[in-house]
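Participant: What follows is a structure written as structure tokens; I'll ask about it next.
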Amino acid sequence: MHAAETASEPAGTPPRPEFRLFEGMDAALVSGLLASMSMHEVAAGEVIVREGEANRWLYLVEAGEIGIWRGHEHAGERLRLATLKAGDSFGEMSVLNGDPVSATLAADNAVVLRRVAWDELPDTHGVRELVARNLARVVVDRLSNANDAVLARHLERMQSMQVQLSISVFLTKTLVGLALYIFLLPLVAVVKPYLPSDSLISFFFILTYLLISMMIVRESALEPREYGVTIAGWRHAVWRGALLTLPAMALVFALKAGLVLWKPDEYALFEPGRGLGNDGAFAPGTWLAIVLVYLVLSFAQEFIRCAIQGSLSVFYRVTGVSDAWKSILVANVVFAALHTHLSNFFALIVFVPGLFWGWLYQRERSFISLAVSHALLGVWGLFVLGFPY
């Protein structure tokens, strides 16, 4: 330790702290002991004792804060075990058993220390016995705190490994899914003219990505509830999903009303049959069947969103990036791209409400809230108002 040693206390020195090492001693005796110890001033960042070095001194912290560190800084394995403040002491283990220093101590800020060797302590008035007893208490407390710090570090590493595993699963499944989609696009163009509806193609892809998303959630090291996939508090989730969707439903209504005012001969305010096909004829049985299928697909699509956006949110959060809008935008780009088999324009249409549902997921973290919102807004816009797309 390259510290400045002073023979006497500087002027204006604040009152001395109460040292645990001297608990049970007479105040006058404590003052005498402190006066006999050498005083040292340590600059911020300076190492006082280093792990593995020999030490014969018992140190008392009179002012400032000191960090206790284990491991090697250059290897990236340095772990802060505790912080010493005024009134604390260190060097006890070396003094008690003569072992090398078990940790590195460095000043967090300007520090004032006093130090004394064990054989310099007076062997009168029971001083050594009291100090030894207090030393034992300090050592026990410090070992307990050190164990807590090590346990916390292990838990942090385990959580980091869980996140890495989850991201690995997500990236692998997502890339496989995107590759499958790209390979199937030419086939879609071939079979599309022979199918009665484009909805059959959409149904196939939604089902495929639903299965991939289920594998992401199942194989991830994270709990399903961390993706928002849980039925806990489902009543509240249903209510919140419906309530937060009302403004969006009002906006769709206003847009349809504006469309009617613009082209009154072409559109009506309520056209439930428009979502059934090109002729716009309304058949209640067919309408109900298609709405039921749409509801099922709404739940499937929002499960997919939970898997994609939930994984991205975790990834951005652990890398220190703001996970809110970035995860919303990236997830929606992926989601919209998976609708290009219908048309680029339809993919753009999907992207716009997807921003709303991405925001809703970020706010509520609930698959149920998302699914309810998607079902309400979709049925209202497509199968009640008959908004053209």
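Note that our numbering gives residue 66 to position 81 of the sequence shown, counting from 1, and the numbers run on in steps of one.
Positions of the beta carbon are idealized from the N, C-alpha and C atoms, including for glycine.
#1: Is the distance from the Cβ of Ser283 to the Cβ of Ile201 below 9 Å?
#2: Using the C-alpha atoms, what's the distance from Asp183 back to Thr271?
#3: Answer yes if the stretch 206 to 223 comes into contact with the stretch 285 to 300, meaning at least three C-beta pairs across the two stretches below 8 Å, and no otherwise.
#4: Going by other Cβ atoms of all chains shown within 10 Å of its Cβ, with 16 needed for buried, is Phe368 buried or exposed?
#5: Just how far apart, CA to CA, sit Ala360 and Tyr279?
#6: With a cut-off of 8 Å on the beta carbons, I'd call Ala71 and Ala48 a contact; round off their distance for me.
#7: Out of Phe188, Gly226, Leu370, point me to the one whose CA is closest to Val357's CA.
#8: In the structure shown, what three-state DSSP assignment does Val86 receive?
#9: Residue range of the beta strand (DSSP E) that Tyr44 falls in?
#10: Closest Cβ-Cβ distance between Ile197 and chain C: below 9 Å?
#11: Report buried or exposed for Trp54, applying the criterion of at least 16 other Cβ atoms within 10 angstroms of its Cβ.
#12: So, with DSSP's three-state summary, where would you put Gly52?
#13: What is the DSSP secondary structure of Ala102, counted as helix, strand or coil?
#14: Straight-line CA distance for Pro0 to His25?
#15: For Tyr44, tell me which candidate among Leu229, Ala29, Phe4 has the shortest Cα-Cα distance.
#16: Measure from the alpha carbon of Val96 to the alpha carbon of each residue in Val32, Val335, Glu256, then state which is nearest.
#17: When you compare the CB positions of Arg113 and Ser23, do they come within less than 9 Å of one another, or not?
#18: If you draw a straight line from the alpha carbon of Val319 to that of Tyr166, how long is it in whole angstroms?
#19: Starting from Ser312, trace the alpha helix (DSSP H) both ways and give me its first and last residue.
#20: When the distance is taken between beta carbons, is Phe190 closer than 9 Å to His326?
#21: Which whole runs of the beta strand (DSSP E) in the stretch 137 to 215 are 3 residues long or more, in chain order?
#22: Rounding to the nearest angstrom, what Cα-Cα distance links Pro(-5) and Met78 in this structure?
#23: Could you check the C-alpha separation between Val154 and Phe288 for me, to the nearest Å?
#24: Check whether the Cβ of Gly83 sits closer than 8 Å to any heavy atom of the ligand ZN, and report yes or no.
#25: Which residue from Thr157, Glu36, Val237 puts its Cα closest to that of Ser205?
#26: To test your reading of the DSSP string, which unbroken alpha helix (DSSP H) runs of 4 or more residues are found completely within the stretch 225 to 260?
#27: Compute the beta-carbon to beta-carbon distance between Leu323 and Tyr194, rounded to the nearest angstrom, for a pair I have assumed lies under 8 Å.
#28: Who does Arg35 pair with in a DSSP beta bridge?
#29: Comparing alpha-carbon positions, which option in Ile152, Glu349, Ala332, Trp247 lies nearest Leu228?
#30: Should Gly52 and Ala67 be called a contact, given that it needs their Cβ atoms to be closer than 9 Å?
#31: Which class does Thr325 belong to by DSSP, given the choice of helix, strand or coil?
#32: How big is the Cα-Cα spacing for Glu(-10) and Thr89?
#33: Is it true that the CB of Phe7 sits closer than 9 Å to the CB of Val46?
#34: What is the rounded straight-line gap between the Cα of Leu185 and the Cα of Ala274?
#35: How big is the Cα-Cα spacing for Gly258 and Trp310?
#36: Roughly how many whole angstroms lie between the Cα atoms of Leu254 and Leu370?
Facilitator: Taking the definition as stated:
#1: On the sequence shown, position 298 is the one that residue 283 refers to. On the sequence shown, position 216 is the one that residue 201 refers to. No, the pair does not count as a contact, with Cβ atoms beyond the cut-off.
#2: Taking the sequence shown and counting its residues from 1, the one referred to as residue 271 is at position 286. Taking the sequence shown and counting its residues from 1, the one referred to as residue 183 is at position 198. Distance between the alpha carbons of Thr271 and Asp183 is about 16 Å.
#3: yes
#4: Start at 1 with the first residue of the sequence shown, and residue 368 comes out as number 383. Phe368 is buried by the Cβ-count criterion.
#5: Stepping through the sequence shown from its first residue, residue 360 is reached at position 375. Stepping through the sequence shown from its first residue, residue 279 is reached at position 294. Ala360 and Tyr279: Cα-Cα distance of roughly 8 Å.
#6: As a first step, residue 71 is located in the sequence shown; it is residue number 86 there, counting from the start. As a first step, residue 48 is located in the sequence shown; it is residue number 63 there, counting from the start. Ala71 to Ala48, Cβ: 5 Å. Contact.
#7: Translated into positions along the sequence shown, residue 357 becomes position 372. Measuring from the Cα of Val357, the nearest candidate turns out to be Gly226.
#8: For this step, residue 86 is matched to residue 101 along the sequence shown. Three-state result, Val86: coil.
#9: Here residue 44 corresponds to residue number 59 of the sequence shown, with the count starting at 1. Start and end: 42 to 48.
#10: The chain inventory of the structure shown lacks chain C, comprising one protein chain alone.
#11: Here residue 54 refers to the residue found at position 69 when the sequence shown is read from its first residue. By the neighbour-count rule (16 or more Cβ atoms within 10 Å), Trp54 is buried.
#12: Here residue 52 refers to the residue found at position 67 of the sequence shown. DSSP places Gly52 in strand when its eight states are reduced to three.
#13: In the sequence shown, counting from the first residue as 1, residue 102 sits at position 117. Strand.
#14: On the sequence shown, residue 0 is found 15 positions in, with the first residue counted as 1. On the sequence shown, residue 25 is found 40 positions in, with the first residue counted as 1. Taking the straight line joining both Cα atoms gives about 17 Å.
#15: Counted from its first residue, the sequence shown places residue 44 at position 59. Nearest option by C-alpha distance: Phe4.
#16: Here residue 96 refers to the residue found at position 111 of the sequence shown. It is Val32.
#17: Counting from one through the sequence shown, the residue named residue 113 turns up at place 128. Counting from one through the sequence shown, the residue named residue 23 turns up at place 38. Taking 9 Å as the Cβ cut-off, Arg113 and Ser23 do not qualify as a contacting pair.
#18: Taking the sequence shown and counting its residues from 1, the one referred to as residue 319 is at position 334. Taking the sequence shown and counting its residues from 1, the one referred to as residue 166 is at position 181. The alpha-carbon atoms of Val319 and Tyr166 are separated by roughly 12 Å.
#19: What you label residue 312 is simply residue 327 of the sequence shown in a count that begins at 1. Its alpha helix (DSSP H) spans residues 309 to 322.
#20: For the purposes of this step, residue 326 is identified with residue 341 of the sequence shown, where counting begins at 1. For the purposes of this step, residue 190 is identified with residue 205 of the sequence shown, where counting begins at 1. For His326 and Phe190, yes; Cβs fall inside 9 Å.
#21: none
#22: Locating residue -5 in the sequence shown gives position 10, where the first residue counts as 1. Locating residue 78 in the sequence shown gives position 93, where the first residue counts as 1. Reliability fails at Pro(-5), whose pLDDT of 48 lies under 50, so the model's placement of it is uncertain and the value that follows must be treated cautiously. Going from the Cα of Pro(-5) to the Cα of Met78 covers about 30 Å.
#23: Here the question's residue 154 lines up with position 169 in the sequence shown. Here the question's residue 288 lines up with position 303 in the sequence shown. When rounded, the distance between both Cα atoms is 16 Å.
#24: By its list of ligands, the structure shown contains no ligand whatsoever, and the ligand ZN lies outside what it can speak to.
#25: Taking the sequence shown and counting its residues from 1, one reaches residue 205 at position 220. Looking at the Cα atoms, Thr157 is the closest of the given residues.
#26: none
#27: The residue given as residue 323 occupies position 338 in the sequence shown. The residue given as residue 194 occupies position 209 in the sequence shown. Contact flag correct, Cβ pair sits at about 7 Å.
#28: Walking along the sequence shown from the start, residue 35 turns up at place 50. Answer is none; Arg35 lacks a bridge partner.
#29: In the sequence shown, counting from the first residue as 1, residue 228 sits at position 243. Minimum Cα distance to Leu228 is reached at Glu349.
#30: Working through the sequence shown from its first residue, we reach residue 52 at position 67. Working through the sequence shown from its first residue, we reach residue 67 at position 82. Going by C-beta atoms, Gly52 is nearer than 9 Å to Ala67.
#31: Position 340 of the sequence shown, counted from the start, is the residue given in the question as residue 325. Thr325: coil per DSSP, three-state reduction.
#32: Along the sequence shown, read from residue 1 onward, the residue named residue -10 stands at position 5. Along the sequence shown, read from residue 1 onward, the residue named residue 89 stands at position 104. Reliability of the predicted coordinates at Glu(-10) is poor, the pLDDT of 49 falling under 50, and no value is obtained from them.
#33: For this step, residue 46 is matched to residue 61 along the sequence shown. For this step, residue 7 is matched to residue 22 along the sequence shown. Not in contact: Val46 and Phe7 (Cβ atoms no closer than 9 Å).
#34: Taking the first residue of the sequence shown as 1, we reach residue 185 at position 200. Taking the first residue of the sequence shown as 1, we reach residue 274 at position 289. C-alpha separation (whole angstroms): 14 Å.
#35: On the sequence shown, residue 258 is found 273 positions in, with the first residue counted as 1. On the sequence shown, residue 310 is found 325 positions in, with the first residue counted as 1. Approximately 36 Å between the Cα atoms of the pair.
#36: As a first step, residue 254 is located in the sequence shown; it is residue number 269 there, counting from the start. As a first step, residue 370 is located in the sequence shown; it is residue number 385 there, counting from the start. Using only the alpha carbons, I get a separation of about 6 Å.
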